[in-house]
Amino acid sequence: MEAKILELFRKEKSEFLSGEDLSRTLNISRAAVWKHIEKLRQAGYQIAAQPHLGYKLESSPDILSDWELLARLNTKIIGGKIISYQTCPSTMDVASKLAEDRAPEGTIVTADSQTEGRGRLGRKWQSPPEGGIYLSIILRPDIPLGEIPLITLLAAVAIVRAIRKSTHLEAMIKWPNDILINNKKIAGILTELKAETDKIKFVIVGLGVNVKTSLKDLPEAAGSLEGLTDKKITRVEIAGSIISEFDGLYQQFVNREFKTILTEAKNYSITLGSRVKVKTIEEEFEGQAVDIDETGALVIRLDSGFNKAVLAGDVTKVD
Ligand code: BT5
């Protein structure tokens, strides 16, 4: 109901909405309207009330709530259900538990902060409050396990598109899961899955984006959007944009149309064309990053002249 009220306020721009109109449109009593308005106020919304005129939304807090996200999404698959936490250990674990309990595809879990935010291979993801986007999306794709890297790339393209549209900053993808601006890590993606005998039960895609995160809370090599752009940005606007882009790309993905994802992932890649050192769980080697293949794997031209496709690993440029 709060999401609907916010949507109505925003449609009316800066006008007053009468309690009577709200109660009629929402099909609830005027006392109930008042209760929801109070709930919004408690969450930090400034709402003026004038006798005879009604209510007017004067300012909104930049919170990553299900209300705010739902009020601005117009998606097909992603975001049908959104669950927002003030804080939780990791949105990955909450989403995974929900997926085990049959939450539908597209369900999103967000948090304002995480106490045990994580990256790949048990690394830590710094998740301080009030500045970052931490969200996980439940997917149930019917694809072979070998195509999972494509989902990480899809998410990377969605984040790059959203950042470029909202800030005009030149966000780039460092294969497979980092988003960099001026060589600083702004966002990371974590793709985890549950499979049984090669059949995927569900995939959880976790996105962490530093929007207004203070640099003192971040590692040396990290950056945050707010310090890099003059544009006024909000977490909810960036998150809404990422989810919308993700939804469009995922519709293509389930129809097995990978062309846009791959073309954009290559265009935005800062890895391709460079000599790189690759570190996987099994081995370490160097070579030239020459392509991203149709499964999302990074193709390395080894010094021997042979090509090697890498499905997962850490890649650093060598000069
Ligand atoms: C990642 O791992 O980049 C995946 C990050 C995914 C985070 C999201 S937040 C929502 C969801 N819930 C979670 O618990 N996780 C997901 P990886 O490529 O392994 O990079 C991890 C490394 O990035 C760390 O070892 C640090 O060096 C660096 N790092 C940690 N926190 C960072 C931050 N906030 N911003 C930029 N870099 C960070």
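Going by the numbering used here, 45 is the number at position 7 of the sequence shown; the sequence numbering is gapless.
Each residue gets a CB set at the ideal place from its N, CA and C atoms; glycine is no exception.
Span separating the alpha-carbon of residue i from that of residue j
i              : j              : result
leucine 266    : leucine 218    : 12 Å
glutamine 88   : glutamate 58   : 13 Å
threonine 129  : leucine 245    : 9 Å
tryptophan 213 : leucine 336    : 8 Å
threonine 113  : asparagine 345 : 39 Å
lysine 203     : isoleucine 276 : 9 Å
glutamate 76   : serine 122     : 19 Å
isoleucine 319 : alanine 350    : 9 Å
glutamate 332  : leucine 287    : 15 Å
glycine 92     : leucine 60     : 9 Å
threonine 63   : leucine 44     : 13 Å
isoleucine 186 : glycine 118    : 23 Å
leucine 46     : glutamate 96   : 13 Å
leucine 102    : threonine 235  : 37 Å
glycine 270    : lysine 237     : First, the amino acid is wrong: residue 270 is lysine here, not glycine. In a straight line, the C-alpha of lysine 270 is about 44 Å away from that of lysine 237.
aspartate 255  : glycine 261    : 10 Å
isoleucine 299 : alanine 194    : 9 Å
arginine 140   : arginine 339   : 43 Å
serine 174     : valine 147     : 5 Å
Near the ligand BT5: residue i beta-carbon under 7 Å from a heavy atom
i              : result
arginine 384   : Limits of the chain in this structure are 39 at one end and 357 at the other, which puts residue 384 out of reach.
methionine 210 : no
asparagine 248 : yes
aspartate 216  : yes
methionine 130 : yes
tyrosine 172   : yes
isoleucine 115 : no
lysine 223     : yes
alanine 260    : yes
proline 89     : no
Residue nearest to residue i in terms of C-alpha spacing, selected from the options
i             : options                    : result
glycine 278   : Val249, Phe296, Val132     : Val249
leucine 263   : Glu332, Gly170, Ser134     : Gly170
lysine 315    : Ser282, Leu111, Asp357     : Asp357
serine 151    : Ala81, Val195, Pro166      : Pro166
valine 292    : Ala86, Arg313, Asp180      : Asp180
lysine 222    : Thr229, Arg199, Val247     : Val247
isoleucine 85 : Glu322, Leu55, Leu108      : Leu55
valine 241    : Ala260, His74, Glu143      : Glu143
arginine 199  : Phe284, Tyr83, Gly226      : Phe284
asparagine 65 : Arg79, Tyr83, Ala81, Met39 : Met39
Contact test: residue i Cβ vs the ligand COA heavy atom, cutoff 7 Å
i            : result
glutamine 80 : In terms of ligand content, the structure shown lacks the ligand COA and carries the ligand BT5 instead.
* **Ordered list of beta strand (DSSP E) runs contained in the segment 120 to 165, each at least 3 residues** => 120 to 126, 146 to 152
* To do: Run through the segment 282 to 340 for me and flag every whole alpha helix (DSSP H) of 4 or more residues, listed as ranges in chain order.
  => 297 to 305
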